[in-house]
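J.: Let me give you the structure first, and then I'll get to my questions.
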Amino acid sequence: MASCRRLSGAGLREVLGPAQGLLFDCDGVLWAGERAVPGAPELLERLRRSGKAALFVSNNSRRSVAELERRFTRLGFRGVRAEHVFSSALCSALFLRQRLLGGGGNGSGAGRVFVLGGEGLRGEVRDAGLRLAGEGEPAPGEPVRAVLVGYDDQFTFAKLAQACGYLRDPQCLLVATDPDPWHPLSDGQRTPGTGSLTAAVETASGRKALVVGKPNTYMFDCIVERFGVDPSRTLMVGDRLETDILFGKNCGLATILTLTGVSRLEEAQAYMASDSAAAKDLVPNYYVDSIADLIPGLDE
Amino acid sequence: MAAGGPRRCRRLEGETARAVLANADTLLFDCDGVLWRGEAAVSGAAETLGRLAAAGKRLCYVTNNSGRTRLAYTEKLRRLGFPPAEPRHIFSSAFCAARYLRQALPPGAAAYVLGSPALAAELEAVGIPHLGTGPAALPGPAPKDWVQAPLDPAVRAVLVGFDEHFSYAKLCQALRYLLRGGPDCLLVGTNRDHRLPLEGGAGIPGTGCLVKAVETAAQREAFIVGKPNRFMFDCVAGEFQVDPARTIMVGDRLDTDILMGNDCGLTTLLTLTGVTALDEVRGHQDSGCPARHSLVPDFYVDSIADLLPLLGE
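Going line by line, the protein sequences match chains A and B. Going by my numbering, the letters in the first sequence line up with residues 1 to 300, in that order. Going by my numbering, the letters in the second sequence line up with residues 1 to 313, in that order.
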């Protein structure tokens, strides 16, 4: 079992030295709301200079990767390109493309996707070559072949009923971008997450959703396909035990919990003390107060 | 109730049926799928209940539906030809939720309600201030605007019922009240039915979906007023002198009507005019699981109209 050790001093060099790359969650790790975590941009710069890869894996399904690239720049991070960013919006679109379009080809005959989500998510699905329900004239033989539940701040009872209508067809997939029940706001309040909307759709339809986001491993498959990372030389850095740390464990990555976000150290320690095998998978290998603490572990 | 042993889901007919009816003073009826489907009465149901009433049986109506007031139920019963009922015979999850909150909340405490005008009316009838029904009335188009809206300091409960105006904005508000109050803010749901059947086999999402959304966002479990929770039977028993051993629960759903009836020590009668098919019952009977045995009724009929020949003119 992982031992939730504070990473500092010599330990820092031992762990970071051999690593070829780091996967970072974004919210609560690199930034909180509109403010970068102090030292985070410098850390990424130092990683670049050390020749280590930095890739980003986020359950947030609101933004397209193009929007995320602009956000990185706006918050002071240099050199992050859209191709480095794996959001649940992008990966859900890739997943649906695989399942509905198979090996390739264009969108015709593949059926349409009913998306519960905002324009960022909808754009990623379109960019993957899929057609959305409710847009344009449906061609004959273009049934709705998937319902995709994402973060939808315009979710309504009517949309829930519409989704259930499509899901009466057992061939229609039910996919969710991520399982997160809530997200923190910078003032300590919380906003409902995709997980709460997915629970409504699952209950109404009697179906279980295929969840693309962390802690499930599909997003790691997307990363490996594009960049070919070696799990044994890659570290996962996140702030949420139930998603980021479990994701790391599921993908065979060593994990670092940063305390600038959702999870508290006491929660990790409670999981460590638990008798349940499932709880032990939520214990990170290491923790830091902030990712800025990783800087001394890198060469000058 | 069948004395001892597992319940056998026998067809209710002949001499057994006469004895069971003779031994009952009170019959509790679920409505949807038992007495009617949508606006269409089950054929022969009204006449059957008429004869039961004429035979001196007390008839009560116990429904998880939170979308109508008790008065509206009495009107629907009258409209479909059932024997006259007074509001006091109707136990809807809306009425019972209001009763529950009146017991559980301190005086003057208010409820934030995801629910229908009927649910609001039941709260008003017991003097509980409420807010939230209808479309969300929040400033601005986005969550960052909504979380700035002031919270009402009197709210000490979030109540979730059937709400056709359910939206992310309302879910957001419910979550804010629950986080502000912690354990001092109650989370109550009228029922967990996941589907509301309509005529012709169609259906719409039920209250259970909305309850699950709130529970997931808040990471806590709601207290559910409706069947199979025994609270609704306790409301009946509070209004009338009922002896469980002389009471029959008639329903079409195993995991609500029959489970509540069994848990409360009533005789349970399944009718097949609703959502349940007989082979579902056999599946539970044949399972090795005690929890599933609680879903098995004492008796079944194809329709409650099957009881007509047993009841004199």
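For each residue, glycine too, the CB sits at the ideal point set by N, CA and C.
CB-CB under 7 Å to Phe-95 (chain B), same chain, minus the five flanking residues each way: which ones, in chain order?
T.: Only Arg-70, Glu-122 meet the Cβ criterion.
J.: Is the CB of Thr-216 (chain B) under 9 Å away from at least one CB in chain A?
T.: True, the Cβ-Cβ gap to chain A drops below 9 Å.
J.: Name the chain A residues that come within less than 7 Å of Val-275 (chain B), Cβ to Cβ?
T.: Residues of chain A passing the Cβ test: none, with the nearest at roughly 12 Å.
J.: At the level of alpha carbons, what is the spacing between Trp-146 (chain B) and Ala-209 (chain A)?
T.: So the alpha carbons of these two residues sit roughly 29 Å apart.
J.: Between the alpha carbons of Ala-2 (chain B) and Leu-308 (chain B), how many angstroms are there, rounded?
T.: With a pLDDT of 47 at Ala-2 (chain B), under the threshold of 50, the predicted position of this residue should be treated as unreliable, though the coordinate-derived value follows. Roughly 22 Å between the two C-alpha positions.
J.: Are any of the Cβ atoms in chain A nearer than 9 Å to that of Asp-163 (chain B)?
T.: So yes, Asp-163 (chain B) belongs to the interface.
J.: Using a cut-off of 9 Å between C-beta atoms, extract the partners of Pro-6 (chain B) located in chain A.
T.: What Pro-6 (chain B) touches in chain A: nothing, since even the nearest Cβ is about 28 Å away.
J.: Say whether chain B places a C-beta atom closer than 9 Å to the C-beta of Thr-243 (chain A).
T.: No, its Cβ sits nowhere closer than 9 Å to a Cβ of chain B.
J.: Please confirm if the region 31–39 of chain B is in contact with the region 250–257 of chain B, defined as three or more CB-CB distances below 8 Å between the two stretches.
T.: With the cut-off at 8 Å, the region 31–39 of chain B and the region 250–257 of chain B touch.
J.: Going along chain E, which residues have a C-beta under 7 Å from Pro-181 (chain A)?
T.: The structure shown contains no chain E; the protein chains it does contain are A and B.
J.: Quick check on the burial criterion: 16 or more other C-beta atoms within 10 angstroms. Buried or exposed for Gln-219 (chain B)?
T.: Classification of Gln-219 (chain B): exposed, given that the 10 Å Cβ count is below 16.
J.: Compare the C-beta of Gly-193 (chain A) with all C-beta atoms of chain B and state if any pair is closer than 9 Å.
T.: Answer yes: the Cβ-Cβ gap between Gly-193 (chain A) and chain B drops below 9 Å somewhere.
J.: Tell me whether Thr-133 (chain B) is buried or exposed, calling it buried when 16 or more other Cβ atoms sit within 10 Å of its Cβ.
T.: Buried.
J.: On the CB-based measure, 16 or more other CB atoms within 10 Å of its CB, does Gln-333 (chain B) come out buried or exposed?
T.: For chain B, the structure presents residues 1 to 313; residue 333 (chain B) sits outside this window and is missing.
J.: Under three-state DSSP, which class holds Arg-130 (chain B)?
T.: Reading off the sequence shown, one finds His at residue 130 (chain B), where the question assumed Arg. Strand at His-130 (chain B).
J.: Just the Cα atoms here: how many angstroms apart are Arg-226 (chain A) and Asp-180 (chain A)?
T.: Taking the straight line joining both Cα atoms gives about 25 Å.
J.: For chain A, find out if any of its Cβ atoms is closer than 9 Å to the Cβ of Met-1 (chain B); answer yes or no.
T.: In this prediction, Met-1 (chain B) scores a pLDDT of 47, lower than 50, which makes its location untrustworthy; the coordinate-derived value is nonetheless stated afterwards. Chain A contact via Cβ: absent.
J.: Checking 9 Å against the spacing of the C-beta atoms, do Thr-234 (chain A) and Ala-19 (chain A) come in under that value?
T.: A contact, by the Cβ cut-off of 9 Å.
J.: At a Cβ cut of 8 Å, what residues of the region 226–253 of chain B count as close to chain A, listed as they run along the chain?
T.: So nothing in the stretch comes that close.
J.: Tell me whether the beta-carbon of Pro-41 (chain A) lies closer than 9 Å to the beta-carbon of Phe-77 (chain A).
T.: Yes, the pair counts as a contact, with Cβ atoms nearer than the cut-off.
J.: Taking the DSSP output, what are the residues bridged to Phe-86 (chain A)?
T.: Partner(s): A:Val-57.
J.: Does chain A have any CB closer than 9 Å to the CB of Gly-208 (chain B)?
T.: It does: the Cβ of Gly-208 (chain B) has a partner Cβ on chain A nearer than 9 Å.
J.: Taking contact to mean 3 or more Cβ pairs, one atom from each stretch, closer than 8 Å, check whether the region 245–259 of chain A and the region 279–288 of chain A are in contact.
T.: Short answer: they touch.
J.: My guess is that Leu-131 (chain B) and Asp-152 (chain B) are in contact by the Cβ rule of under 8 Å, so how many angstroms apart are they, rounded?
T.: Contact holds; Cβ gap of about 6 Å.
J.: Flag this pair as yes or no: are the beta carbons of Leu-186 (chain B) and Phe-223 (chain B) separated by less than 9 Å?
T.: Contact: yes.
J.: Cys-264 (chain B) CB to nearest chain A CB: under 9 Å?
T.: Chain A contact via Cβ: absent.
J.: For Ala-213 (chain B), which residues in chain A fall below 8 Å Cβ to Cβ?
T.: Those are Pro-192, Ser-196, Leu-197, Ala-199, Ala-200, listed as they occur along chain A.
J.: Within 9 Å (strictly less), CB to CB, does Ala-161 (chain A) reach chain B?
T.: So, interface residue.
J.: Buried or exposed: which applies to Cys-60 (chain B), given that a residue is buried once 16 or more other Cβ atoms fall within 10 Å of its Cβ?
T.: So Cys-60 (chain B) ends up on the buried side.
J.: Relative to the alpha-carbon of Asp-53 (chain A), which residue among A:Cys-91, A:Gln-171, A:Val-229 has its alpha-carbon at the smallest distance?
T.: Per the sequence shown, residue 53 (chain A) should be read as Ala rather than Asp. Closest by alpha carbon: A:Val-229.
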